[in-house]
Amino acid sequence: MRGRLAILLVAVLVLPLTGVGWLGYLSVRTELVAGVDDERADVALQAALNTAVLDLRTRLRGELSDLALRVAHLRDTSTAERERAFAGLPPDQRPAFVASVPDGQAVVAGVPPGVLQALAAELEADRPLCGWLPLPLAEGPELCEVVLEPRGRERLLAVRPLAVRLACMGSADGLERALLLPGGEALPVGRTGRIAASFGSAADRGGLYELCGARQASDADLGAAFLQVNSTRLAMLTLAGPLGQPSAVLAVASPPLSADPLAARRAALLARAAATVCWLAVAGVLLALGIGLLAPRIVWSDIRGTTDFIFASVDRLRELVNRIGLALTEHNSLLQNLAGSLTRLDAESREIAGTGRVLAHSAEQSEWSSHSGHQRAESAQRTVLDMRDRVEDIKRQMEELERRCSAIGSILVYLDHLTSETGSVSINATIQAAGAGGSGRQLSAMAGEIQKLAELAQGSTREIRQLVEEIQAASHATLATTQDGRQQVERCLGAFEEVEQNFGRILRWVEDTKRCAQGIEGGTARQSDALQSVSGDVESIGQRARETLANFDAVVDAADELAELGRRVNDTWRVG
Amino acid sequence: MAPPSVPTTNVDPPPPPACLHVRAGGATLALAWDLLVETGAAGPLTPVPGAPRWLAGLGQWRGRLVTVVDAGQLFAGSSASCRWLLALKCVPCDLALGVDELLGAEAEDAPADVRLDATALGRHPAFQPGAAGRGAGGR
Numbered sequence: 011m012r013g014r015l016a017i018l019l020v021a022v023l024v025l026p027l028t029g030v031g032w033l034g035y036l037s038v039r040t041e042l043v044a045g046v047d048d049e050r051a052d053v054a055l056q057a058a059l060n061t062a063v064l065d066l067r068t069r070l071r072g073e074l075s076d077l078a079l080r081v082a083h084l085r086d087t088s089t090a091e092r093e094r095a096f097a098g099l100p101p102d103q104r105p106a107f108v109a110s111v112p113d114g115q116a117v118v119a120g121v122p123p124g125v126l127q128a129l130a131a132e133l134e135a136d137r138p139l140c141g142w143l144p145l146p147l148a149e150g151p152e153l154c155e156v157v158l159e160p161r162g163r164e165r166l167l168a169v170r171p172l173a174v175r176l177a178c179m180g181s182a183d184g185l186e187r188a189l190l191l192p193g194g195e196a197l198p199v200g201r202t203g204r205i206a207a208s209f210g211s212a213a214d215r216g217g218l219y220e221l222c223g224a225r226q227a228s229d230a231d232l233g234a235a236f237l238q239v240n241s242t243r244l245a246m247l248t249l250a251g252p253l254g255q256p257s258a259v260l261a262v263a264s265p266p267l268s269a270d271p272l273a274a275r276r277a278a279l280l281a282r283a284a285a286t287v288c289w290l291a292v293a294g295v296l297l298a299l300g301i302g303l304l305a306p307r308i309v310w311s312d313i314r315g316t317t318d319f320i321f322a323s324v325d326r327l328r329e330l331v332n333r334i335g336l337a338l339t340e341h342n343s344l345l346q347n348l349a350g351s352l353t354r355l356d357a358e359s360r361e362i363a364g365t366g367r368v369l370a371h372s373a374e375q376s377e378w379s380s381h382s383g384h385q386r387a388e389s390a391q392r393t394v395l396d397m398r399d400r401v402e403d404i405k406r407q408m409e410e411l412e413r414r415c416s417a418i419g420s421i422l423v424y425l426d427h428l429t430s431e432t433g434s435v436s437i438n439a440t441i442q443a444a445g446a447g448g449s450g451r452q453l454s455a456m457a458g459e460i461q462k463l464a465e466l467a468q469g470s471t472r473e474i475r476q477l478v479e480e481i482q483a484a485s486h487a488t489l490a491t492t493q494d495g496r497q498q499v500e501r502c503l504g505a506f507e508e509v510e511q512n513f514g515r516i517l518r519w520v521e522d523t524k525r526c527a528q529g530i531e532g533g534t535a536r537q538s539d540a541l542q543s544v545s546g547d548v549e550s551i552g553q554r555a556r557e558t559l560a561n562f563d564a565v566v567d568a569a570d571e572l573a574e575l576g577r578r579v580n581d582t583w584r585v586g
Numbered sequence: 003m004a005p006p007s008v009p010t011t012n013v014d015p016p017p018p019p020a021c022l023h024v025r026a027g028g029a030t031l032a033l034a035w036d037l038l039v040e041t042g043a044a045g046p047l048t049p050v051p052g053a054p055r056w057l058a059g060l061g062q063w064r065g066r067l068v069t070v071v072d073a074g075q076l077f078a079g080s081s082a083s084c085r086w087l088l089a090l091k092c093v094p095c096d097l098a099l100g101v102d103e104l105l106g107a108e109a110e111d112a113p114a115d116v117r118l119d120a121t122a123l124g125r126h127p128a129f130q131p132g133a134a135g136r137g138a139g140g141r
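If you read the sequences in order, they're chains G and E.
Be aware that the first sequence starts at 11, since it is given in this note's numbering, and climbs by one per residue.
Be aware that the second sequence starts at 3, since it is given in this note's numbering, and climbs by one per residue.
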């Protein structure tokens, strides 16, 4: 019962929007009356504009009878040339050019047949296109295309009549393209405003358009410009400007407007509105009946589907709660294991920190030992340097001794020579003593003594030479030994330099080790703090998990309540 | 080392040694005193082309040109250094023996490889007139 009342209420509130009932009638009528009012305003504006056009046409008819219009593309041609070109034509046969020549083309309207013949003659004569022609409005419109050479030479190439249709028909926003040429080219006669109004039957539809301006020409140059259009032909295009100024006018006659076009229009609109209201009312009644029959079944089906979905969701929720509870229990166990691991890791970090302190202490001891060894190495190096200087002194002294021995050898050679000479003298004395006979015995004895002395001296010289040679051999051996010692000292110096460098490297390594040990100590201390913080976080997470596990009981209770609510809804709506 | 003491000559001098011992070409020569004129160190010798091997060359002795005979080559079969020259007498020309070393005066019974006196030297073919031109004992 309550469902039927709700459906009826919905029908009452919604259906007026579709045109059923009194509210629907009022809404449609308001809409139609507003449209009729808009059209009425448009028709009034149309009438005003039509009146203005008629007045303007009358005024222009008088003014344009004496007005000669100049073709836009002939603006550089002198008046005398124009008059001379068409001097042979009667005034009523002179063409009136009333369009622009954008790129060698022009549209000419209001051209009588005689004028076209004259243009053809001009074309055949290959003469410049120029001249003044009156605008014979009374003879009815003609439209032709004038083809000229491009700008600069301005020679007439062709004149072709045109069958022109209007491109502005049906456009509600304005007359953007006034003429559509047979070749598909759009000729912008002028920029127009919106369509003021349209009235009459489809076969005799005319329009009044307001030209808001003419192409290229400013409002000051243009006196007025109006265009009236019917379904078959261009009715009127006027353009007026000061004589001798660049301008263009297309003017044709338009059929007279009906006297009261609003009455028939209004009656037709009212009849169409009444028919629309009737049809909408019938459709609304049928729609309400359909909804009243189908809605309860649709609603019951939806309620049953919804409650089934609620039951299934509750069961699923219970299953998920059970699974989450198991997962949380496992999670709690894992957190306890993690807490134990963190505790052991903390203990190991403290042990590493202690090892780092011991290592730093050992590094300090090694640094002191390295300093001491470095100083010892430097002292030993200085001692070796002093030893090298002493070996150099020994070498110099031995070389001096060698030179002295060489000098002694030279002296010994001289002594040997002297002893040899002495022996020779003693022998000569003996020879002389032998020659002297008995008186030379004393001389022979002295010669013998001298000979003995010479032999003794020779023996001593030989012994001295032997000693000198032994000294020289000893000095040579000493020099060689000194040289070897010097080389060994040099090698020892190199070894000490290497030892010193190694001590320097060891010192740097020990310093690096000391810094690393201190860094390890600090890092392990920070790590221990972080581990304690992580342990606290793990404990907090475990607490949160236990709380979440406790809250799941409340979730299960809420699911039970939701299932109870679904059962109540089924009982209320008597669903299945 | 103290030098040896020189003996005094207060008693009668002994008789002079019988000969002069020299060394030449590895052999010891004993020359009689009456063969010798003088001894002395040899100067530079000028070799004589085409001469026999025992003719050491020409030298100068107290401003005179002398013929130097290699005593080692002549009496011992091997060349001597000819550092010392022994000017000889009882030979047909100014001639000197070239020896290695003067050993000194010796007694007559002192051992020697070759003993030379005026008689032996006079019979030696090398000291005959024109011996150098014939090449006696030469190559």
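Where a beta carbon is used, it is the ideal one built from N, C-alpha and C, also for glycine.
Residues bridged to residue i [DSSP beta-bridge criterion]
{"i": "E:L97", "result": "E:T69"}
{"i": "E:A89", "result": "E:E40, E:A98"}
{"i": "E:G59", "result": "E:V70"}
{"i": "E:L33", "result": "E:L22, E:L118"}
{"i": "G:T534", "result": "For G:T534, which the question treats as bridged, DSSP gives no partner whatsoever."}
{"i": "G:T488", "result": "Looking at the DSSP assignment, G:T488 forms no beta bridge with any residue, so it has no partner."}
{"i": "E:T48", "result": "E:L60"}
Contacts of residue i in chain E (Cβ-Cβ under 7 angstroms)
{"i": "G:Q461", "result": "G106, A107"}
{"i": "G:A458", "result": "The sequence given here places Gly at residue 458 of chain G; Ala does not occur at that position. Per Cβ cutoff of 7 angstroms: A107."}
For residue i, the three-state DSSP class (helix, strand or coil)
{"i": "G:Q442", "result": "helix"}
{"i": "E:G106", "result": "strand"}
{"i": "G:R414", "result": "helix"}
{"i": "G:A298", "result": "helix"}
{"i": "E:L123", "result": "helix"}
{"i": "G:G254", "result": "Here G:G254 scores only 32 on pLDDT, less than 50, and its place in the model should not be relied on; the value that follows carries that caveat. Three-state result, G:G254: coil."}
{"i": "G:W583", "result": "coil"}
{"i": "E:S83", "result": "coil"}
{"i": "G:A373", "result": "helix"}
{"i": "G:Q542", "result": "helix"}
Neighbouring residues, chain G, relative to residue i (Cβ below 7 angstroms)
{"i": "E:L38", "result": "I441"}
Contacts that residue i makes with chain G (C-beta to C-beta distance below 8 angstroms)
{"i": "E:T41", "result": "S434, I437, N438, I441"}
Residue i at chain B interface by Cβ criterion, 8 angstroms
{"i": "E:A107", "result": "Absent here is chain B; the protein component of the structure consists of chains G and E."}
Query raised in the report: For the region 433 to 452 of chain G, which residues have a beta carbon sitting closer than 7 angstroms to at least one beta carbon of chain E?
Result: The residues in question are G433, S434, I437, N438, T440, I441, A443, A444, R451, Q452.
Query - Short-range partners of chain G found in the region 43 to 73 of chain E, where Cβ spacing is below 8 angstroms - result: Only those residues of the region 43 to 73 of chain E whose C-beta falls short of 8 angstroms from the nearest C-beta of chain G are listed: A43.
Query - Residues within the region 22 to 38 of chain E neighbouring chain G, beta-carbon criterion of under 9 angstroms - result: Residues of the region 22 to 38 of chain E with a C-beta atom less than 9 angstroms from some C-beta of chain G are L22, A34, W35, D36, L38, listed in chain order.
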